[in-house]
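Student:
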Amino acid sequence: MKNIDYTDEFLQRRKERQKKARKRRLVGWFIFVMILLLLVGVILSLTVFFPIASINAKGSKIYTEAQIIKASGIIEGDNLLATAEGTALKRLKAKLPYIESIEFERKLPDSLTIKVKDAGEYACYYDGKAYYTVSHTGWVLKKDYDPPEDLFVYIGAKVKCKVGTAVEYSDEELKALAEKTANALEAEKININSIDISDTVSITLNVEDRFEVNLGTANFLEEKIRHLGSMIDNISPEKSGKINLSMWTNANSQGTFVEQSNE
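Numbering of the sequence shown is given in this note's numbering, commencing with residue 33 and proceeding in unit increments.
(1) Counting along the chain, where does the beta strand (DSSP E) carrying L173 start and finish?
(2) Is DSSP giving N284 helix, strand or coil here?
(3) Evaluate contact between the segment 85 to 94 and the segment 141 to 154, counting only Cβ atoms and requiring at least three cross-stretch pairs below 8 Å.
(4) Hey, which unbroken runs of the beta strand (DSSP E) at 3 residues or more fall wholly within the segment 177 to 255?
(5) Pick from H259, K122, Q44 and Y177: whose alpha carbon is nearest that of C156?
(6) Would you call the segment 189 to 204 in contact with the segment 235 to 245, where contact means no fewer than 3 C-beta pairs closer than 8 Å?
(7) Tell me the rounded alpha-carbon separation between I100 and G152.
(8) Give me whichever residues DSSP pairs with P83 in a beta bridge.
(9) How many angstroms separate the CA atom of W61 from the CA atom of K52?
(10) Count the other CB atoms, across all protein chains shown, that sit within 10 Å of the CB of P269; report buried if there are 16 or more and exposed otherwise.
(11) Considering only the beta carbon of each residue, do I378 and I227 sit closer than 8 Å?
(12) According to the Cβ coordinates, are F82 and N111 closer than 8 Å?
(13) I'd like to check one pair, I235 with L260: are the Cβ atoms closer than 8 Å?
(14) Name the DSSP bridge partner or partners of Y158?
(15) E220 to A114, Cα distance in whole Å?
(16) Beta-carbon within less than 6 Å of Q292's beta-carbon, same chain only, minus the 5 sequence neighbours each way: which residues are those?
(17) Taking all protein chains shown into account, decide if F184 is buried (16 or more other Cβ within 10 angstroms of its Cβ) or exposed.
(18) D265: which of S104, F289 and E204 sits nearest, CA to CA?
(19) Considering just the uninterrupted stretch of the beta strand (DSSP E) at I100, what are its terminal residues?
(20) Grouping DSSP H, G and I as helix and E and B as strand, with all else coil, what is Q44?
(21) Please classify L58 as buried or exposed, where buried requires at least 16 neighbouring CB atoms within 10 angstroms.
(22) Starting from the C-beta of K192, find all residues in its chain whose C-beta is less than 6 Å away, skip the five residues before and the five after it, and write them out in chain order.
(23) Going by beta carbon distance, what residues of the same chain come within less than 8 Å of L217, once the five residues before and after it are set aside?
(24) With DSSP collapsed to three states, give me the class of I257.
(25) Where do the ends of the alpha helix (DSSP H) carrying E117 lie?
(26) Within the continuous beta strand (DSSP E) that includes E137, where are the two ends?
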């Protein structure tokens with residue numbers, strides 16, 4: 033009797049194990065089918081479903097809606113969900129340089145609005161032949177043969193400029209120096225006309241069309257510019273001339289101003 037009881041108990045346990053195994057297989061197949069259906073749904077959503085039937089553009093004060101839509105490369109029939117902002121932005125910035133950024137507004141099932149932001153003019157680079165206006169991010173916006181009004185000029189930066197691309201520096205140290213100088217001047221709210229880094233041991237500025245400033249080397253650059261701001265505040269508005277801060281150090285925190293003669 034005991035042997036029979038042991039056999040029955042063994043068979044019962046084996047049936048339970050087999051039942052659990054079948055259940056696990058069913059659950060596994062169910063999960064597999066659900067994942068497969070989900071993948072099929074995603075693929076169809078990105079290929080067959082949601083074709084674009086309506087494209088709009090807004091936000092630019094420089095370009096028309098038609099120009100933006102055409103330059104984006106997006107056409108009716110493209111998939112609403114698969115259309116990428118990054119790809120469209122690259123196309124737009126190359127063809128319409130004043131586009132700073134974009135944002136897609138999708139409305140199911142078939143409407144796309146391209147919301148754009150225009151870039152602001154920040155400065156310009158002079159390469160010895162032409163002036164290239166750039167945004168704050170260093171994107172080249174336009175080319176002129178006369179210096180643009182109300183923008184300061186980088187001189188001697190050794191750059192390659194092409195409209196619809198980023199400014200390319202041939203010397204990373206000059207890039208760092210140019211940016212550091214401009215940022216320090218901006219922080220002090222000093223209105224500059226040009227930054228000349230042609231000679232890195234004699235960085236010069238034209239300020240407010242009144243002062244020719246010699247900063248010397250990049251040593252103590254921020255301190256020199258803060259001192260420059262104080263000097264300008266204490267010079268009568270009708271005066272102009274040359275300011276020399278090339279010898280400025282923590283131990284010799286002096287600058288000189290030589291007034292320009294009107295004669």
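By construction, the Cβ of each residue, glycine as well, lies at the ideal position given by its N, Cα and C atoms. Source: prediction; values computed, not measured.
Tutor: With the given structure in hand:
(1) Start and end: V172 to D176.
(2) In the displayed model, N284 falls within coil according to three-state DSSP, outside both helix and strand.
(3) Cβ pair count under 8 Å is three or more, so yes.
(4) Within the segment 177 to 255, the complete beta strand (DSSP E) runs of at least 3 residues are 184 to 187, 224 to 228, 235 to 239 and 243 to 248.
(5) Measuring C-alpha to C-alpha distances from C156 to each of H259, K122, Q44 and Y177 identifies Y177 as the nearest.
(6) With the cut-off at 8 Å, the segment 189 to 204 and the segment 235 to 245 do not touch.
(7) Going from the Cα of I100 to the Cα of G152 covers about 17 Å.
(8) The partner list for P83 (beta bridge, DSSP) reads N111.
(9) Pairing W61 with K52, the inter-Cα distance amounts to about 14 Å.
(10) Per the 10 Å Cβ criterion, exposed.
(11) This structure leaves residue 378 out entirely; the chain is present only between 33 and 295.
(12) The answer is yes: Cβ separation under 8 Å.
(13) 8 Å or more divides the Cβ of L260 from the Cβ of I235.
(14) Answer is Y163 and I187, bridged to Y158.
(15) In this model, E220 and A114 are separated by some 46 Å (Cα to Cα).
(16) When the five nearest sequence neighbours on each side are left out, the beta carbons in the same chain lying within less than 6 Å of the beta carbon of Q292 are those of S272 and G273, in order along the chain.
(17) Classification for F184: buried.
(18) Residue F289 holds the alpha-carbon nearest to the alpha-carbon of D265 among S104, F289 and E204.
(19) Unbroken run through I100 is the alpha helix (DSSP H), E97 to S104; no beta strand (DSSP E).
(20) Helix at Q44.
(21) With fewer than 16 Cβ atoms within 10 Å of its Cβ, L58 is classed as exposed.
(22) The beta carbon of K192 sits closer than 6 Å to the beta carbons of E200 from its chain, once the five residues preceding and following it are set aside; these are given in chain order.
(23) The beta carbon of L217 sits closer than 8 Å to those of I224, I227, L237 and I257, all from its chain and outside the five residues before and after it, given in chain order.
(24) DSSP places I257 in helix when its eight states are reduced to three.
(25) Looking at the DSSP string, the run of the alpha helix (DSSP H) that includes E117 is E117 to K127.
(26) Counting along the chain, the unbroken beta strand (DSSP E) around E137 starts and ends at I131 to K139.
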